[in-house]
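What follows is a short report on a single structure.
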Amino acid sequence: MKKVGIFGGGAWGRALAFALAQKNEVYIVSRRDISSLLAPLNENLASKGARVITQVSHNDALRAELFVLTIATSALRQWLSLVKLPQSIKILCASKGIESGSGAFVSDILEEYIPHKHLAYLCGPSFAAEVVRSLPCALMIHSRNLTLSREFEVLMPSFIKTYTSPDVVGGEVAGAYKNVIAIAGGICDGLSFGGNAKASLLARGLVEMSRFGEHFGARMETFLGLSGAGDLFLTSNSTMSRNYRVGLGLAQQKPIDEILSELGEVAEGVITAQAIAQIGQREGIYVPIAREISLIINGKSVKESLKSLMS
1 MKKVGIFGGG AWGRALAFAL AQKNEVYIVS RRDISSLLAP LNENLASKGA
51 RVITQVSHND ALRAELFVLT IATSALRQWL SLVKLPQSIK ILCASKGIES
101 GSGAFVSDIL EEYIPHKHLA YLCGPSFAAE VVRSLPCALM IHSRNLTLSR
151 EFEVLMPSFI KTYTSPDVVG GEVAGAYKNV IAIAGGICDG LSFGGNAKAS
201 LLARGLVEMS RFGEHFGARM ETFLGLSGAG DLFLTSNSTM SRNYRVGLGL
251 AQQKPIDEIL SELGEVAEGV ITAQAIAQIG QREGIYVPIA REISLIINGK
301 SVKESLKSLM S
């Protein structure tokens, strides 16, 4: 049993807290009071004889031995500049996306504050709602430090099977890019284009994210595994995916601000699509789906974008 601190009290942070509390002592830090949201999770844990999740202050959480980070990518740099984490901290990052403006990957941001040997990244197909129901899933832990990956592996409950990979960039690109393709998937279904079009879209989306990742040194095998194809197929086909729901809204020609307001949660694919489009233009990478999703978010007609893709 380890003491595990979790930074971020959103749906994914709470789900990981629940999963890790099966075998460990878990503390969670959130900017708001989430006691009412933790109550049903703690009742479940107590019924299993496990320790309950405790919401604590940032300083109290730092007494833990290992840490999980679920802060939204858009807020990550500011958060890191304010909290002053110790250099010795060991973090499993579950945040996904690419920073707007700078085009920085999550690892780029984190490594400005923490040595890479103390960082690992969690990826793979995993809806928070299913994790809190203890439904089985398989995930990847990406880190250039295999020993650190193993430290986080042993924390996981029996219903989560983990694999390890040293391909940090591949895991990051896959985790970020699949949110963009999920928006496209929602648009496709929202317009009732059918199974043929959807299969074509996902297949080309997988090729596109692989091409983008390989440009930055990622391994092709990463995109064919859990972090790539696995997460892509999951998030592009279900209303449990926030980004998929964004796509459904865009298919109804709703403004993006209205969609995000109704969603009430962060949909990383919105910012990521625009970041990828900018990087693609700068680096000369062919990213047609990400480019068109970025244009749709900024007001381009969905039907015009589809014409562009089909041409």
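If you count by the UniProt record's numbering, then the sequence shown holds residues 1 to 311, one letter each, in order.
Backbone N, C-alpha and C fix where the C-beta goes; we use that ideal spot for every residue, glycine too.
Task: Cα-Cα separation, Gln-274 to Lys-48 - done: Gln-274 and Lys-48: Cα-Cα distance of roughly 44 Å.
Open item on the list: Let's see if you can read the secondary structure: which residues bound the beta strand (DSSP E) around Lys-161?
Closed with: Its beta strand (DSSP E) spans residues 160 to 165.
Task: For Ala-176, three-class secondary structure by DSSP - done: When secondary structure is reduced to three states using DSSP, Ala-176 falls in the helix class.
Open item on the list: Only counting the same chain, and skipping five residues up and downstream in sequence, which positions put a Cβ closer than 7 Å to that of Gly-171?
Closed with: Hits under 7 Å: Tyr-121, Cys-123, Met-140, His-142, Ser-165, Thr-222 and Ser-227.
TODO: Taking Ile-114 as the reference, give the member of Gln-253, Arg-77 and Ile-98 with the closest Cα.
DONE: Ranked by Cα distance from Ile-114, the first of Gln-253, Arg-77 and Ile-98 is Arg-77.
Open item on the list: I need the straight-line Cα distance from Ile-259 to Gly-186, nearest angstrom please.
Closed with: Taking the straight line joining both Cα atoms gives about 13 Å.
TODO: Could I get the ranges of all uninterrupted beta strand (DSSP E) runs contained in the stretch 4 to 87, with 3 residues as the minimum, in chain order?
DONE: The stretch 4 to 87 contains these whole beta strand (DSSP E) runs: 25 to 29 and 66 to 69.
TODO: Report buried or exposed for Thr-272, applying the criterion of at least 16 other Cβ atoms within 10 angstroms of its Cβ.
DONE: Buried: at least 16 other Cβ atoms inside 10 Å.
Open item on the list: Taking CB distances under 8 Å as the criterion, tell me whether Ile-181 reaches chain D.
Closed with: You won't find chain D in this structure, because it holds only one protein chain.
Task: Selection from Leu-69, Val-83, Ser-30 and Leu-295 that minimises the alpha carbon distance to His-118 - done: Comparing Cα-Cα distances from His-118 to each of Leu-69, Val-83, Ser-30 and Leu-295, the minimum goes to Leu-69.
Open item on the list: Just verifying my parser: in three-state terms, what is the DSSP assignment at Leu-248?
Closed with: Of the three classes helix, strand and coil, the one that applies to Leu-248 here is helix, per DSSP.
Open item on the list: In this structure, how does DSSP classify residue 329 when only helix, strand and coil are distinguished?
Closed with: Limits of the chain in this structure are 1 at one end and 311 at the other, which puts residue 329 out of reach.
Open item on the list: Could you give the first and the last residue of the continuous alpha helix (DSSP H) run that contains Ala-128?
Closed with: Element bounds for Ala-128: 128 to 131.
Open item on the list: Less than 8 Å between the beta carbons of Ile-98 and Ala-176, yes or no?
Closed with: Taking 8 Å as the cut-off, the Cβ atoms of Ile-98 and Ala-176 count as close.
Task: Within the stretch 181 to 209, ranges of the beta strand (DSSP E) (whole runs, at least 3 residues) - done: Runs of the beta strand (DSSP E) spanning 3 or more residues and lying entirely within the stretch 181 to 209 do not occur at all.
Open item on the list: Whether or not the stretch 155 to 164 and the stretch 196 to 210 are in contact is what I'm after, with contact meaning three or more pairs of Cβ atoms, one per stretch, closer than 8 Å; do they touch?
Closed with: Below 8 Å, too few C-beta pairs join the stretch 196 to 210 and the stretch 155 to 164 to call them touching: fewer than three.
- [ ] Reducing DSSP to helix, strand and coil, say where Ile-285 ends up.
- [x] Secondary structure at Ile-285: coil, using DSSP grouped into helix, strand and coil.
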